[in-house]
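Q: Following this message is one structure expressed as structure tokens.
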Amino acid sequence: MAAAFAAIERIDEGLWTTTRPLRFFGVETGSRMTVMRVGDGLLVHSPVALDPELQREVDALGPVRAIVAPSKFHHLAVGQWVRAYPDALVYACPGLEKKRADVAWTGVLGDAAEEAWRGAVEQVFFGARTLENEVVFFHATSRTLVCADAVFNLAEHPSRVTRAVALLLGNRRPGATLLERVMMRDRESARAQIDRMLAWDFDRILLAHGAPIASGGRDVLRSAYAWL
294 MAAAFAAIER IDEGLWTTTR PLRFFGVETG SRMTVMRVGD GLLVHSPVAL
344 DPELQREVDA LGPVRAIVAP SKFHHLAVGQ WVRAYPDALV YACPGLEKKR
394 ADVAWTGVLG DAAEEAWRGA VEQVFFGART LENEVVFFHA TSRTLVCADA
444 VFNLAEHPSR VTRAVALLLG NRRPGATLLE RVMMRDRESA RAQIDRMLAW
494 DFDRILLAHG APIASGGRDV LRSAYAWL
């Protein structure tokens with residue numbers, strides 16, 4: 294059955310994604326991994342559980358140069374990837390290096406792009422939500438914002454239970470849920486961080502939970518955080 298979920302989908306030049314089932318407090322939200330080409334290799338964002346078929350598909354795309362855990366909630370499969378790709382650079386969002394001291398992290402992400410992907414991928418530390426400490430990325434050649442929990446899109450999820458919970462949490466359209474609003478500790482900083490993201494020339498959003506935003510992504514992000 295695992296093979297049914299293994300296929301990597303090509304989204305654009307140098308950009309691929311795959312999803313896996315994921316339950317959060319009993320609610321199916323799914324989880325998306327994104328793979329970006331950087332130089333002569335790949336950056337794996339928010340890795341999902343690694344099985345032999347998925348590994349073969351990734352290897353066919355190129356060598357894995359970097360593995361990124363972009364949020365304190367997106368790290369469960371990192372150990373599998375580190376074992377499979379011991380030569381890859383491994384980066385944690387701020388604070389995750391302490392939570393997952395079992396991982397030999399190369400470094401901790403910040404606002405500046407790491408040398409391994411500088412010029413191909415940009416990033417912003419969305420640190421106003423300290424429980425997540427997410428780092429959001431921009432893949433320039435495909436004009437794609439790549440995030441974990443900065444944007445949810447669950448209102449049209451196949452699961453009726455998930456759709457109902459999404460509505461209760463205020464996720465009637467792509468954007469932040471009420472939980473994310475509660476977690477916001479510094480609105481002024483959050484506004485500045487969102488504005489930095491909006492300065493990127495992106496059209497698409499690849500997010501961890503829910504369907505991707507194929508176009509109009511900047512308007513979606515602007516609307517999602519208009520309350521700040």
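Residues in the sequence shown are numbered from 294 upward in steps of one, following the numbering used here. Yeah, the Cβ is synthetic: ideal placement off N, Cα and C, and Gly gets one too.
Find out if the Cβ-Cβ distance for the pair Glu408, Phe431 is shorter than 8 Å.
A: No. Outside cutoff.
Q: Just tell me which of Arg511, Ala385, Ile301 has its CA closest to the CA of Asp344.
A: Comparing Cα-Cα distances from Asp344 to each of Arg511, Ala385, Ile301, the minimum goes to Ile301.
Q: Look up Ser324 in the DSSP assignment and say whether it is helix, strand or coil.
A: If DSSP states are grouped into helix, strand and coil, Ser324 belongs with the strands.
Q: My guess is that Ser508 and Asp496 are in contact by the Cβ rule of under 8 Å, so how many angstroms apart are they, rounded?
A: Between Asp496 and Ser508 the Cβ distance is about 5 Å, and since that is below 8 Å, they are a contact.
Q: Taking the beta carbon of Arg411 as the centre, do at least 16 other beta carbons fall within 10 Å, making it buried, or is it exposed?
A: So Arg411 counts as exposed.
Q: For Gly400, which residues of its own chain have a beta-carbon under 6 Å away from its beta-carbon, when the five flanking residues on both sides are left out?
A: Excluding residues within five positions, the ones whose Cβ falls inside 6 Å are Tyr384.
Q: Using a Cβ cut-off of 8 Å (strictly closer), state whether Ala406 contacts chain D.
A: Annotation note: the requested chain D is absent from the structure, which comprises a single protein chain.
Q: Locate the alpha helix (DSSP H) running through Val371, then write down its first and last residues.
A: Per DSSP, Val371 belongs to the alpha helix (DSSP H) from 371 to 377.
Q: Using DSSP with H/G/I as helix, E/B as strand and the rest coil, what is Arg436?
A: In this structure, Arg436 counts as coil in the three-state DSSP scheme.
Q: Is Met294 helix, strand or coil when you go by DSSP?
A: Because the pLDDT of Met294 is 33, which lies under 50, any placement of that residue in the model is unreliable, and the number read from its coordinates should be weighed accordingly. In the structure shown, Met294 sits in coil (DSSP, three-state: anything other than H, G, I, E or B).
Q: What is the residue span of the beta strand (DSSP E) that Asp305 lies within?
A: Taken as a continuous stretch (DSSP letters only), the beta strand (DSSP E) holding Asp305 covers 302 to 305.
Q: To the nearest angstrom, how far is the alpha carbon of Phe366 from that of Ala413?
A: For Phe366 and Ala413, the distance between alpha carbons rounds to 25 Å.
Q: Measuring only the C-alpha atoms, how far is Arg349 from Gln486?
A: In a straight line, the C-alpha of Arg349 is about 37 Å away from that of Gln486.
Q: Just mark Ser310 as buried or exposed, buried being the case when its beta carbon has 16 or more other beta carbons within 10 Å.
A: It is Thr, not Ser, that sits at residue 310 in the sequence shown. Answer is buried; the Cβ neighbour count reaches 16.
Q: Rounded to whole angstroms, what is the Cα-Cα separation between Cys440 and Ser516?
A: Cys440 and Ser516: Cα-Cα distance of roughly 16 Å.
Q: Where does Glu393 fall in DSSP's three states?
A: Looking at the sequence provided, one finds Arg at residue 393 rather than Glu. If DSSP states are grouped into helix, strand and coil, Arg393 belongs with coil.
Q: I'd like the span of the alpha helix (DSSP H) that includes Ala485, first residue to last.
A: Note, Ala485: alpha helix (DSSP H), 480 to 491.
Q: Just to confirm, are Leu347 and Leu335 a CB contact at a threshold of 8 Å?
A: No, the Cβ-Cβ distance between Leu347 and Leu335 is not below 8 Å.
Q: Please work out which residues of its chain come closer than 6 Å, Cβ to Cβ, to Pro387, disregarding the five sequence neighbours upstream and downstream, and give them in chain order.
A: Excluding sequence neighbours, Pro387 sits near Val401, Asn426.
Q: According to DSSP, which residues form a beta bridge with Asn446?
A: According to DSSP, Asn446 bridges with Gly503.
Q: Kindly give me the distance between the Cβ atoms of Ala342 and Ile360, rounded to whole angstroms, as I take these residues to be in contact under 8 Å.
A: Not quite, the Cβ-Cβ distance comes to about 14 Å (not below 8 Å), so this is no contact.
Q: Taking C-beta to C-beta, are Gly307 and Met326 nearer than 8 Å?
A: Not in contact: Gly307 and Met326 (Cβ atoms no closer than 8 Å).
Q: So the alpha helix (DSSP H) Glu350 belongs to, where does it begin and stop?
A: 345 to 354 is the span of the alpha helix (DSSP H), which, as asked, contains Glu350.
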